[in-house]
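Numbering (the numbering used here), first residue to last: 126 to 827.
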């Protein structure tokens, strides 16, 4: 079938100088020349090297742990076990990020004392003069286990009599949706289509494994230089180490990828403990194998759709069940499940709906945040279900979707009104049009297939979390601009976007703006770089802070030009009269005038996201997210019917992104997301057998 996209209505946008332009990123030169310094590159004089001793068993009791031989090894400076910790627990969510109360007893131990719940759980820490000595010390640690029954499938974990990961049962969280009249909706259907879908464990597989360096300074402050998505972890680390919050200082480094895997605490807590005990700088860098074993995974899900449809494909009702594998500790599993529950119907209008979701604790590797945060798993299920509906009815897949697409003013799963444009039909038609006619197979054993999928993705945190971000913007006396904001940049260009916003508002070039970021003590806290929130949150904070500085400048310029503020503007580091542009003043001179008058040339702004009341987990109804984005992806593949080999021939993406701050960065994110989705669909799978990872390296994982 040939698809032709309709022309979009024209949109008039104001001409801007930096926003919307594909400007070179401020970190581009360092990354392309190799000058950028990552966490593993840092060294310090008199520095120790650390390693972590981990459990080889997924479910067991520690009968005996003896570290005497390791401590006696020449060159070993410190070996720590749970007995050396002031607080043996590490909170598995972040205050201010999550709202649901954690189950009592479900926080992860920093170092295990008696009960091991997953293979790879940390038991002891070693710090030595050299890395090889630390590695040898691990071999000298003696441990005896008493194996305990384990549970390794989330469906089995929910059955009566299943081994319990932690009391009283394996239910981590539940969410429910009741919308409309499901019985009536199913009764009105011409056909009912039912399918179950499974998605596996996925590793973040970022280029840069977890790494960090820590030291104690002359103020008795523990400084931690680490690759992280969350500098606010200093509070949880302080609690576990047994020091005040103001004695932990986190300096975020440039990240070599995160995707949610560096949202939880990784090496920071181990570094802080070792530094506190040794009083010397300590470095800890995971190998790839250690990284795969140590950090969280994307949640496996089992999702069942039972959908009632008319002969034209229109959905009359749906029943959806979702079960996720939380692994051994909750971390952010309740909220990944919540996002998945809300995303369960995708970008489709379902007026009669029932969703029952549960997250189960197992003795598998723990799971937490991953790009999409539950939406990807939901999309795998709802898009395959739409294809199965089309196949059952003998209809074109686009036609089935078209009659069900959400439109502006419709309500989503929880009844939240879609206020923005959706462009669902337009994006789907465009990817299919760009894909073109199906390619001819090279021989009889190769089959060519085309397919597409639509999606709906929230951005910003859940609106009952009181989300905030802070940014400081200042104008120097020479007309240059400084931003201070605690935003970690994961490589997506968050920092660059903030610079472009400030440059636009203050009428300077991108090269005139310098930003200091990701420092828990020296930059205003901006919250986590997660949930597609930083541009929305910190972008607004920078926008308002810069606008307040601009207002000060223009109010002072009124006295100089004797013009109304509305007739003044700032561009190219000059203030000028709009109807007489030659009548201008260098920005530096105006800054000097403001300083002479004692006027503030800087502003600290706190941006607060919209807030709504907490939803009832027994029936999710109401507003949950600030807004949503929509789009489509299409591919053409060749399948060798004898070997099963799949070759990607074409890939096309179309997204409604609004107005991009940096067009090149937005395109890069779309390309990166497409590549990561390809891996999810075809190549990536953390194989876990009886709780033990069977794919400990990238070569095996892929």
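Ideal Cβ positions, reconstructed from N, Cα and C, are used throughout, including at glycine. Owing to the predicted nature of the structure, the values given are computational and were not obtained by experimental measurement.
| Item | Value |
| --- | --- |
| Can you tell me whether residue 719 is helix, strand or coil according to DSSP? | helix |
| Look up residue 220 in the DSSP assignment and say whether it is helix, strand or coil. | Because the pLDDT at residue 220 is just 40, under 50, the model does not fix this residue reliably, and the value given afterwards should be weighed accordingly. Three-state result, residue 220: strand. |
| From 674, 150, 143, pick the residue whose C-alpha is nearest to that of residue 616; which is it? | 150 |
| Does the contact criterion of 3 or more C-beta pairs under 8 Å hold for the region 511-529 versus the region 273-286? | no |
| Can you tell me whether residue 456 is helix, strand or coil according to DSSP? | coil |
| For residue 522, collect the residues of the same chain with a Cβ closer than 6 Å to its Cβ; drop the 5 residues on either side in sequence, then sort them by chain order. | 512, 515 |
| Taking all protein chains shown into account, do 16 or more other C-beta atoms lie within 10 angstroms of the C-beta of residue 773, making it buried, or fewer, making it exposed? | exposed |
| I'd like the list of long-range same chain contacts for residue 164, defined as Cβ closer than 6 Å, with 5 residues on each side in sequence excluded. | 336, 337, 351, 352, 378 |
| Within this structure, are the beta carbons of residue 777 and residue 560 separated by less than 8 Å? | yes |
| So, helix, strand or coil for residue 617, using DSSP? | coil |
| Determine the closest residue to residue 663 out of 657, 673, 651, 655, with distance taken between C-alpha atoms. | 651 |
| Report whether the distance from the Cβ of residue 694 to the nearest heavy atom of the ligand MN is below 7 Å. | Judged by which ligands are present, the structure shown has none, so any question about the ligand MN falls away. |
| Using three-state DSSP, classify residue 417 as helix, strand or coil. | helix |
| If the criterion is Cβ atoms closer than 8 Å, does the pair residue 557 and residue 300 meet it? | no |
| Quick one: using the 10 Å Cβ neighbour count with 16 as the cut-off for buried, is residue 581 buried or exposed? | buried |
| Less than 8 Å between the CB atoms is what I'm expecting for residue 178 and residue 251, so what's the real figure, rounded? | 7 Å |
| If you follow the beta strand (DSSP E) that residue 148 is in, where does it begin and where does it stop? | Note, residue 148: premise wrong, no beta strand (DSSP E); not H, not E. |
| Any idea which residues DSSP pairs residue 320 with across the strands? | 430 |
| Rounded to whole angstroms, what is the Cα-Cα separation between residue 433 and residue 238? | 51 Å |
| For the alpha helix (DSSP H) holding residue 801, just list the boundary residues, first then last. | 788-803 |
| Are at least three pairs of beta-carbons, each pair with one atom in the region 783-803 and one in the region 608-627, less than 8 Å apart? | yes |
| For residue 755, which residues does DSSP report across the bridge? | 581, 781 |
| Taking three-plus beta-carbon pairs below 8 Å as touching, is the region 803-823 in contact with the region 323-330? | yes |
| Do residue 564 and residue 757 have their C-beta atoms closer together than 8 Å? | no |
| Quick one: what's got a C-beta closer than 8 Å to residue 242's C-beta in the same chain, skipping five residues either side? | 183, 184, 290, 291, 453, 454, 488 |
| If you scan the region 451-506 from start to end, which runs of the alpha helix (DSSP H) of 4 or more residues do you find wholly inside it? | 458-468 |
| Going by alpha carbons, who is nearest to residue 544 out of 754, 202, 258, 197? | 754 |
| Could you round the C-beta distance between residue 645 and residue 375 to whole angstroms and report it? I think they count as a contact, below 8 Å. | 4 Å |
| As a quick exercise: from 162, 498, 144, 331, pick the residue whose alpha carbon is nearest that of residue 412. | 331 |
| Of the residues 314, 812, 175, 768, which one's Cα is nearest the Cα of residue 262? | 175 |
| Determine the direct distance from the alpha carbon of residue 810 to that of residue 471, and round the result to whole angstroms. | 24 Å |
| Contact between the region 537-552 and the region 734-749: three or more CB pairs below 8 Å? | yes |
| Which stretch, first to last residue, makes up the beta strand (DSSP E) that contains residue 303? | 296-304 |
| Just to confirm the assignment, what range does the beta strand (DSSP E) spanning residue 186 have? | 185-191 |
| So what does DSSP say about residue 526, is it helix, strand or coil? | helix |
| List the DSSP bridge partners of residue 593. | 733 |
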